[in-house]
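Contents: one structure, followed by commentary.
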Amino acid sequence: MVLLRDVTSVVAFLAMAQSASAFYSKTSGVLSLDQKGFKNEILQSGHAAVVEFYAPWCGHCKNLKPDYEKVAKSLKGLAKVAAVNCDEEKNKNLCAEQGVQGFPTLKIFQPSGKKGSPSVIDYNGPRTAKAISDAVAERIPNHVTRVTSSKLDDFFANKNETVKAILFTNKGVTSPLWKALAIDFLGSITFAQIRDKEAQAIEAFGIDNYPTVVVLPGGDKEAIVYQGKISKDDLFEFFKQIAPPVKEPEASAKPRKEKSKKTEEQQPIVVEVNDEDAPVKNKVPEPEKPKVEVPVLADKAALTEACLSPKSKTCVLAIIPAESESETFTSIYNTLLHRTVNAFNVYKLASSSEHAQELLEKLNLDKSSGAVVAVNARRNWVRKFEGDITNEVEILAWLDAVRLGEVKKEKLPAGLVVEDKEEEEHDEL
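Going letter by letter, the sequence shown gives residues -22 to -1, 1 to 407 in mature numbering (1 follows the signal peptide of the UniProt record, and there is no 0).
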């Protein structure tokens, strides 16, 4: 006999196991955030950050994961690399507030003059570790003072009692590492940079190799030349012995309140597990809602109006035999309907119909078999699906790639898009 408390324990254990297998592990370097963590780690931080808004089922999120983890390692200590699971109920408001319309969405947060209100930049560049890292590094705030030989005395005289860290370098730009350290010790150490071309300053300090870090402890204390390894961790520890770093708010979550015994003693819970990977929930499943059928473009006029006019939104056209593959596309259509914002209009065309045959011919597609294409008449392109048209996972992954602009596009053949009649102008002579 299985007691209720045993079933409850199993449910709790399975739920814990499910949450434990996080999309990004703790060792990945990617911060997994909820609403509170996002506020503390991103909005209130003085550091630049990149945040991925994702869903664990998303094929492109899975493809991005290895590169995103490389970004976290590349920017460790320089900028924050975080992720928000928009599939979790507790994060849906946050994702909506941030205007997330598809997955994965990458946003770069650059601290502004007003704490808690960083500038937000949508990242639409290449989804490679280097490209993302470079884009974030460019937006690390720069609190480093550039000092020339002519301004050296003024630099020393200004707040002479404070600690100053000077980087002597042969590079013209300020490195992300030096900028990040300036943020870490903002208010306690003034960070500066002197170029090798500043002969008077170089001679005054007796610098003969680059890079060299010199610390002026303040007042009449002697200068300290850093002899350690040039790395973020080593330099941070060195500076920490001289002055305290900035303390940022911690993203600590309050423990959840335990359920009262009264709640647990309510009606028995029936737990059915049909899928080993499916999360277990303590509730009776709701009756399945009927699926919405894919709209059919029955004739050429309907096709033209929906997809082949100059102002048409991107259309995904499933050109298939009327009696086959309908389940696959019905499922795909309903998946797209439940996303935050639909990037496409999805339609079916019976492949035997005259307008479908004409379209297949103009697009140089096999008229005897089915096809799936994405068409944007306004931008004059077509993208063709080359996989298995019965495979829902493949098609959804392809649609994500289309949305991200990662699928090869071809120009639509001349004459396929029906031009609107030009309206008369009334504001010219």
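A virtual CB, placed ideally from N, CA and C, is assigned to each residue, including glycine.
In this structure the segment 158 to 169 touches the segment 129 to 141; the number of beta carbon pairs closer than 8 angstroms is three or more. Judged by DSSP in its simplified three-state form, C64 adopts coil rather than helix or strand.
Judged by DSSP in its simplified three-state form, E364 adopts coil rather than helix or strand. Sixteen is the threshold: when 16 or more other Cβ atoms of the shown chains lie within 10 Å of the Cβ of D162, as they do, the residue is buried.
K85 counts as buried, since at least 16 other C-beta atoms from the protein chains shown sit within 10 angstroms of its C-beta.
Pairwise C-beta distances place the segment 6 to 19 in contact with the segment 42 to 59, as three or more of them are shorter than 8 angstroms. Shortest Cα-Cα distance from C39 to any of H25, S52, N63 and F16 involves N63. By the Cβ criterion, the segment 13 to 32 is in contact with the segment 109 to 120, since at least three pairs of Cβ atoms, one from each stretch, lie closer than 8 angstroms.
Here the alpha carbon of A33 sits roughly 21 angstroms from the alpha carbon of V98. Annotation for A201: V192 and L194 place their beta carbon closer than 6 angstroms to its own, counting only its chain and skipping 5 residues before and after. Three or more pairs of CB atoms, one per stretch, sit closer than 8 angstroms, so the segment 353 to 366 contacts the segment 383 to 390. Of all C-beta pairs linking the segment 325 to 333 to the segment 284 to 303, three or more are shorter than 8 angstroms, placing the two stretches in contact. Excluding residues up to 5 positions away in sequence, L374 lie with their Cβ nearer than 7 angstroms to the Cβ of T313 in the same chain. N71: member of the alpha helix (DSSP H) spanning K70 to E75, first to last residue. In the same chain as K54, and ignoring 5 residues on each side of it, the C-beta atoms closer than 8 angstroms to its own belong to G7 and K210, in chain order. Per DSSP, the continuous beta strand (DSSP E) segment holding R173 begins and ends at I167 to R173.
Assigned with DSSP and collapsed to three states, V371 falls in helix. With contacts defined as CB atoms closer than 8 angstroms, L286 and A355 qualify as a contacting pair. Assigned with DSSP and collapsed to three states, Q178 falls in helix. Residue pairing for K142: DSSP places it in a beta bridge opposite T168 and L194. If you compare the alpha carbons of A135, T190, H121 and D12 with that of K68, the shortest gap goes to D12. The beta carbon of L281 is closer than 6 angstroms to those of L275 and H333 in its chain, skipping five residues each way along the sequence. By the C-beta density criterion, Y188 is exposed, having fewer than 16 other C-beta atoms within 10 angstroms. Counting other Cβ atoms within 10 Å of its Cβ, D132 stays below 16 and is therefore classed as exposed. The C-alpha of N102 is placed about 31 angstroms away from the C-alpha of T123.
DSSP places C293 in the strand class (E or B) of the three-state scheme.
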